[in-house]
Amino acid sequence: MGHCAAVWDPRAATQVTKDLNGIDQVVLRTPHGASARVSLNGGQITSWRNARGEELLFTSSKAIKSPKALRGGICICFPQFGNGGSLENHGFARNKLWTIDNHPPSLHAFDAHGKSFIDLLLRPSEEDLKFWPHSFELRLRVSLASDGNLTVISRIRNINGKAFSFSFACHTYLSISDISEVRIEGLETLDYLDNLCHRERFTEQGDAITFECELDRVYVGTPNSIAVLDHERKQTYLVKKDGLPDIAVWNPWEKKSKAM
Numbered sequence: 001m002g003h004c005a006a007v008w009d010p011r012a013a014t015q016v017t018k019d020l021n022g023i024d025q026v027v028l029r030t031p032h033g034a035s036a037r038v039s040l041n042g043g044q045i046t047s048w049r050n051a052r053g054e055e056l057l058f059t060s061s062k063a064i065k066s067p068k069a070l071r072g073g074i075c076i077c078f079p080q081f082g083n084g085g086s087l088e089n090h091g092f093a094r095n096k097l098w099t100i101d102n103h104p105p106s107l108h109a110f111d112a113h114g115k116s117f118i119d120l121l122l123r124p125s126e127e128d129l130k131f132w133p134h135s136f137e138l139r140l141r142v143s144l145a146s147d148g149n150l151t152v153i154s155r156i157r158n159i160n161g162k163a164f165s166f167s168f169a170c171h172t173y174l175s176i177s178d179i180s181e182v183r184i185e186g187l188e189t190l191d192y193l194d195n196l197c198h199r200e201r202f203t204e205q206g207d208a209i210t211f212e213c214e215l216d217r218v219y220v221g222t223p224n225s226i227a228v229l230d231h232e233r234k235q236t237y238l239v240k241k242d243g244l245p246d247i248a249v250w251n252p253w254e255k256k257s258k259a260m
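Counting from 1, one number per residue, gives the positions in the sequence shown under this note's numbering.
Spelled out as structure tokens, the structure:
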């Protein structure tokens, strides 16, 4: 009897549907049942589920009205992170309608097996250029590996060659159980800027970061891998990065979280 191997087609695992506001969103799936949803509204990742169907990202049920960014998921902050510049908080990219690149660069052969992905593009409108006069192309590749690992890759291209400064961040809302059961490992002994103390600089003293109150910090010069441990769920998020020097740690605590 002959045998044939199943061939994974990433195109068949990528589907364009409509979200609750009628805006296009891309659904990525893997052979083992993991999935992710990426909205063209802000290029935002609004869902990431493992093979058991468990949601790994928090998204507020109150925050579903476009064109404003959803509160939750993975929000793309560009060209400004936070409110430290002249632009709106976290920049304008998260409130813009992105487009799908139907002819993206291919994945490397060793990286393509069992992986579904989508490339989104953002270019400035004439209105954008009035208050941030820099020509750019922001490419966002969101890929989901066969084991359910989620990867986000950004590429900012300077179109006209005139230098400009920017900041970029993936503002990620991880789904957790009880915040008192969560700890972050990998940032011990590092300096951080405390946004609750006028960005005053401190040094982390604990063996790990735990949560007993509101927290809003930017750790500087961070390693490329940290771990977020949820002891109640017996679950660990391994967060890896490359080319981004800092890591923001934020928890709104009780009062602010109720408003979300």
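Idealized CB from N, CA, C, for every residue including glycine.
For L190, no alpha helix (DSSP H) segment is defined, and its DSSP state is neither H nor E. Taking the CA atoms as reference points, N195 sits about 17 Å from C77. Every beta strand (DSSP E) stretch that sits fully inside the stretch 33-76 and reaches 3 residues is listed by chain position as 35-39, 45-49.
By a beta-carbon distance limit of 8 Å, S146 contacts P31. Their separation comes to about 6 Å. D119 sits buried, since 16 or more C-beta atoms from the chains shown fall within 10 Å of its C-beta.
Contiguous beta strand (DSSP E) elements confined to the stretch 124-166 occur at 136-144, 150-158, taking only those with 3 or more residues. No Cβ-Cβ contact shorter than 8 Å links S167 with P223.
Below 8 Å, too few C-beta pairs join the stretch 172-190 and the stretch 87-95 to call them touching: fewer than three.
The beta-bridge partner set that DSSP reports for Q25 consists of T17, S39. Excluding five sequence positions before and after L57, the CB atoms of its chain that fall closer than 8 Å to its own CB belong to I45, T46, S47, W48, G72, G73, I74, T172, Y173, L174, S175, given in chain order. Taking L20 as reference, the option from K241, K62, R217 with the minimal CA-CA separation is K62. Excluding sequence positions up to five before and after L87, its CB lies within less than 8 Å of the CB of P79, Q80, F131, W132, all in the same chain and listed in chain order.
DSSP places C170 inside the beta strand (DSSP E), whose first and last residues are 169-172. Your pair L190 and Y219 checks out as a contact, with CB atoms roughly 5 Å apart and the cut at 8 Å.
For E254, the three-state secondary structure derived from DSSP is helix. Beta-bridge pairing by DSSP links A248 to V218.
Partner residues in the beta bridge of I118, as assigned by DSSP, are V142. Listed in chain order, the non-local C-beta contacts of N50 below 7 Å within the same chain comprise A34, L56, G148, local neighbours out to five positions each way being set aside.
T99 is bridged by DSSP to L121. By the neighbour-count definition (other C-beta atoms within 10 Å, threshold 16), L129 is an exposed residue. Between E137 and R157 a beta carbon distance of about 4 Å is seen, short of the 8 Å cut, so the two are scored as contacting. In the displayed model, A208 falls within coil according to three-state DSSP, outside both helix and strand. Take R233, set aside five residues on each side of it, and the residues of its chain with a beta-carbon closer than 7 Å to its own are S177, in chain order. Straight across, the Cα-Cα distance linking E54 with Q25 is about 20 Å. In the structure shown, I226 adopts extended strand secondary structure according to DSSP, grouped into three states. By the Cβ neighbour-count rule, W98 is buried, with 16 or more other Cβ atoms within 10 Å of its own. With a cutoff of 8 Å on beta-carbon distance, L229 and V152 are scored as not near each other.
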